[in-house]
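Residue numbers (the numbering used here), protein chains in the order written: chain A, 1 to 806; chain B, 1 to 347.
Below is one structure, written out as structure tokens; comments come after it.
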Ligand SMILES: [Zn+2]
């Protein structure tokens with residue numbers, strides 16, 4: 001809502017400066033989005049008279065003007081506008097002026113001739129779009145006055161943010177009432193006396209409401225013999241400052257009163273109202289109307305229309321029809337002031353995509369009892385501006401009067417909610433300032449009976465009154481306290497703490513946490529190499545997505561993370577190590593809401609290190625074992641006892657370089673190198689290691705319980721063995737064999753070397769293990785250890801055809 | 001050996017000790033005088049060959065000389081040891097300006113850091129952390145929160161729907177939650193007061209991606225319901241929060257506002273932590289809006305079966321991205337979701 005200060009001050013006497021008033025508005029709940037000083041931008045722009053205008057001696061298109069700006073001497077100004085002529089009254093920008101378009105003026109020599117200012121165009125002054133020539137002013141403007149003053153722009157305009165609960169502030173009087181309440185000033189309402197003729201309106205026209213639920217009230221007035229023309233300057237300026245384009249005296253009068261009262265009005269060309277009949281009814285099946293904007297609209301039977309004897313002439317509360325609109329030739333006018341049900345207006349306006357100042361107000365709600373005031377005010381303005389005769393009386397159909405609401409308010413309740421200790425009298429005074437009727441209840445001195453006029457229909461409950469008291473009493477005066485409860489015990493749940501441990505561990509592994517959008521597109525399922533029956537394809541679609549790529553809820557974190565990898569690799573980030581913990585969404589059988597699973601996604605791609613001087617594997621890229629290290633370190637750290645891995649069949653991964661993670665024997669996720677086809681689909685320049693594991697299952701299986709294990713007191717003995725075995729023999733098979741043969745004195749066994757090179761026959765590999773033997777009861781002898789080692793080696797030779805290298 | 005000879009051996013020994021250049025040379029000298037076959041050792045052995053009256057004199061002298069030589073050796077050894085060690089250290093010197101081997105450690109996402117910081121403050125005030133589904137029923141996201149059926153937020157232009165029965169809102173329409181507030185209802189349905197919870201979470205609005213809009217963003221919601229909770233408690237709680245989050249010097253300002261599910265409601269500003277209320281490019285007028293808050297509407301309390309006459313509550317909610325952007329001077333929301341390593345590494 002744009003509120004010109006000068007207009008507001010007509011209804012309420014305000015001593016505060018505009019800035020002070022804005023602050024007061026802000027702190028009482030009417031947010032001020034801007035305070036615009038209209039004249040500030042036109043500083044040093046003066047009304048001048050072009051006394052003389054001659055061709056520039058050195059330039060064909062320039063003219064040298066002598067301009068009177070009320071100083072003793074004339075100013076010489078070089079002007080390039082084609083329309084400049086002697087005798088024009090023009091806006092003159094003086095050196096030092098900073099124009100709204102950003103140009104700063106200074107004294108200059110143009111083609112050798114001195115120029116002491118600039119004659120400005122509308123566009124340079126921010127007053128219009130016309131940039132073709134200079135702005136020519138009304139010749140009555142006084143030479144030498146500041147332009148802002150001459151144009152009536154020495155004003156301030158507040159832009160107010162009107163919240164959904166305060167539609168009364170969509171009218172100047174509502175804003176004035178609020179301003180009066182917050183500054184404890186008095187409200188002055190304009191007069192509504194109408195100079196009427198003797199002919200009764202009711203003889204010329206009639207009003208019938210067929211649907212009083214959607215239209216509780218309709219009032220018509222008639223004015224005959226008007227002369228259509230422009231409104232006077234003062235009204236045009238006011239409307240412009242309030243953001244409304246002036247059109248003609250009749251239309252401007254309706255808009256002016258709408259801005260003033262918040263009550264939308266409509267003027268019909270009465271001679272186009274068939275039979276002089278106004279019928280408020282629902283549209284008939286298939287009914288059409290061409291609205292003011294020259295668009296034909298198909299109506300539904302839910303839509304409310306204003307019709308004459310034969311057809312719809314307006315969509316109620318939204319827009320008039322072109323056919324009945326006031327034109328230059330209009331002589332007789334029917335003025336509509338009506339009250340419509342907000343829901344109906346909103347529904348129709350949204351369906352048609354048709355929004356107007358009127359519909360904006362009706363859908364938020366208008367005071368049903370302002371109708372007559374607005375109607376009287378507008379019809380009298382029309383008479384004053386356009387002449388003619390106002391017919392006697394109004395045709396006001398208002399079958400069920402909407403009465404003020406009665407509420408009660410307990411002072412105790414006010415204090416309990418605010419944590420304050422107001423007296424009943426203070427509460428009463430605050431509410432009276434808002435224009436509410438307040439009196440103490442006879443039965444209880446601390447109980448107030450409050451009558452809420454219909455202009456504040458947002459006040460429906462006691463709590464609404466508590467809020468009014470709170471905001472006018474001042475949130476700043478309320479004392480700050482803390483809840484006193486004894487029932488508080490803050491902290492994270494074990495699961496929440498475990499989620500923290502998981503994140504911390506991954507971070508200490510060098511991974512950075514990512515957050516990606518929760519959407520994906522159908523093409524991601526194809527890009528991820530998923531078969532037609534894959535569960536990942538069973539995604540929840542959005543009914544109203546923003547784009548195809550973000551049209552379904554993600555069933556996996558990996559598409560998002562692969563896009564992150566690509567983003568980085570193509571931006572000179574050669575080492576990408578990121579993880580995300582986020583939800584994926586799967587339809588749940590028999591339930592409306594889907595199943596939301598929390599997943600952990602990991603991506604490693606590019607170089608392990610940068611080009612550090614100490615890096616002896618310069619440029620080495622992340623491989624399966626880097627990823628496996630991250631995954632297994634995590635599951636060990638969070639104390640998952642029963643986990644294992646097995647070769648994965650997940651089509652998203654390289655079949656030879658991927659594994660499923662099992663927790664308690666159940667699949668919990670997969671990890672490995674992204675399938676080369678997927679890599680290509682996502683346009684990834686190098687291979688990507690990725691994991692997707694159920695975060696829920698990790699937390700379920702995790703345990704931070706630990707028991708102290710005795711530190712060995714006796715020395716251990718470590719022995720190595722290197723062997724050549726078939727390529728297909730796995731580390732796990734060998735370790736299991738070693739452990740079985742090693743018996744009680746084998747403490748641990750681990751692989752410390754794996755290689756295949758020239759010295760090793762094709763199809764074979766060299767592997768080396770170190771075994772540590774120890775007894776918990778005594779110092780083991782070397783002979784005992786060697787004996788056991790020999791047994792193991794013999795077994796390896798036998799079972800794996802191993803050839804011992806050392 | 002006669003006394004004079006002993007003395008001259010001493011002179012000779014001391015001189016050679018002084019001129020010895022290395023510890024090894026010194027050791028040779030020691031052996032040649034004090035070793036098994038050394039001159040002094042021999043002199044002692046030869047004492048018996050001297051006349052009896054000379055023996056005590058020469059014997060004493062030899063012992064004295066032996067001690068002097070030992071002393072000279074020790075002090076020269078120490079001298080030589082120091083300079084040899086020094087030379088050794090010099091030879092082992094490294095270039096301390098070469099970069100160190102830094103452990104490769106990652107970071108939490110900035111939004112997680114900010115969320116954790118907020119949660120931490122409220123845990124200190126006795127709150128627990130609650131969460132709820134991201135795909136939510138209309139009932140929890142709107143209806144139970146006192147949102148009128150025709151509220152613009154319920155339109156398909158503002159909110160993502162995954163299930164919608166018709167034009168009119170229905171309780172069992174399913175949508176991507178537009179705020180973390182539905183968790184308020186779920187928490188209250190599941191428990192009786194006192195309730196003190198903080199709710200972090202991902203929320204959705206149907207806004208195209210640009211520097212200041214994102215269809216996905218994050219909020220933290222707070223809810224306290226108990227006997228005798230007041231607007232003063234809300235104010236005090238938010239002051240504690242603002243000081244902990246933005247600095248001890250911060251002031252908090254509540255401006256009346258309107259939300260469907262709280263009444264009275266407020267928008268909450270904190271005094272600018274950049275300019276300290278003088279006014280700057282970040283704040284404009286010295287205050288920065290950081291959250292929305294209010295007293296839980298009695299309708300909402302009644303909806304979950306609480307008696308609004310015996311319990312009251314307050315709720316507040318804030319945007320994590322907004323706070324992160326303000327605190328760290330970030331002007332483009334897209335950075336949070338691009339996950340550029342250069343962004344992630346900075347915080
Ligand atoms: Zn500032």
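Just so you know, even glycine gets a beta-carbon here, dropped at the ideal spot from N, CA and C.
Computed from a predicted structure; not experimentally measured.
- By the CB criterion at 8 angstroms, residue 42/A and residue 147/A fall inside the cutoff.
- Residue 138/B places its beta carbon less than 8 angstroms from that of residue 173/B.
- Taking CB atoms only, residue 137/B has a neighbour in chain A less than 8 angstroms away.
- By the rule that beta-carbons nearer than 8 angstroms mark a contact, residue 517/A touches chain B.
- DSSP lists no beta-bridge partner residue for residue 428/A.
- In the displayed model, residue 49/A falls within a strand according to three-state DSSP.
- Here the alpha carbon of residue 78/A sits roughly 8 angstroms from the alpha carbon of residue 56/A.
- Note on residue 167/B: under 16 other CB atoms within 10 angstroms of its CB, so exposed under the neighbour-count rule.
- The set of residues with a C-beta under 5 angstroms from any non-hydrogen atom of ligand 1 comprises 272/B, 274/B, 275/B, 280/B, 282/B and 283/B, given in chain order.
- Excluding the 5 residues flanking it on each side, residue 299/B has same chain C-beta neighbours closer than 6 angstroms at 146, in chain order.
- For the alpha helix (DSSP H) assignment, the uninterrupted runs of no fewer than 4 residues enclosed by the stretch 113-156 of chain B are, from N- to C-terminal side, 138-141.
- The CB of residue 298/B comes closer than 9 angstroms to the CB of 461, 462 and 463 in chain A, given here in chain order.
- Look at residue 507/A: its C-beta is under 8 angstroms from a C-beta on chain B.
- Under the Cβ distance rule, residue 164/B counts among the residues neighbouring chain A, one pair being separated by less than 8 angstroms.
- Along the length of the stretch 577-659 of chain A, whole alpha helix (DSSP H) runs at least 4 residues long occupy 624-637, reported in chain order.
- Taking 9 angstroms as the cut-off between beta carbons, the residues of the stretch 345-362 of chain A near chain B are 346, 347, 350 and 351, in sequence order.
- In the three-state reduction of the DSSP assignment, residue 666/A falls in the strand class, which pools E and B.
- When Cβ-Cβ separations below 8 angstroms define contact, residue 335/B makes no contact with chain A.
- At a C-beta separation below 8 angstroms, residue 596/A has these neighbours in chain B: 133, 134 and 135.
- Per the Cβ contact rule, the stretch 11-22 of chain A is in contact with the stretch 169-184 of chain A (3 or more Cβ pairs under 8 angstroms).
- Residue 786/A and residue 752/A have their C-alpha atoms roughly 19 angstroms apart.
- Using a Cβ-Cβ cut-off of 7 angstroms, residue 127/B is close to 490 of chain A, given in chain order.
- Per the DSSP secondary-structure output, residue 235/A pairs with nothing in a beta bridge.
- Measuring C-alpha to C-alpha distances from residue 204/A to each of 37/A, 393/A and 664/A identifies 393/A as the nearest.
- Legend: CB atoms of the stretch 144-160 of chain A lying less than 9 angstroms from CB atoms of chain B are not found in any residue.
- Counting along the chain, residue 550/A sits inside no alpha helix (DSSP H), nor does DSSP assign it H or E at all.
- Taken in chain order, the unbroken stretches of alpha helix (DSSP H) that lie wholly in the stretch 361-406 of chain A and span 4 residues or more are 371-386.
- Residue 473/A: member of the alpha helix (DSSP H) spanning 462-473, first to last residue.
- Contact of residue 546/A with chain B is assigned, a C-beta pair being separated by under 8 angstroms.
- Residue 195/A counts as exposed, since fewer than 16 other C-beta atoms from the protein chains shown sit within 10 angstroms of its C-beta.
- In terms of Cβ geometry, residue 597/A and residue 584/A form a close pair [threshold 8 angstroms].
- Contact between residue 100/B and residue 480/A fails: their C-beta atoms lie close to 49 angstroms from each other, not under 8 angstroms.
- Going by C-alpha positions, residue 25/B is about 38 angstroms away from residue 97/B.
- CA-to-CA, the gap between residue 374/A and residue 275/B works out to about 48 angstroms.
- At least one CB atom of chain A sits nearer than 8 angstroms to the CB of residue 104/B.
- The continuous alpha helix (DSSP H) containing residue 232/B extends over residues 231-246.
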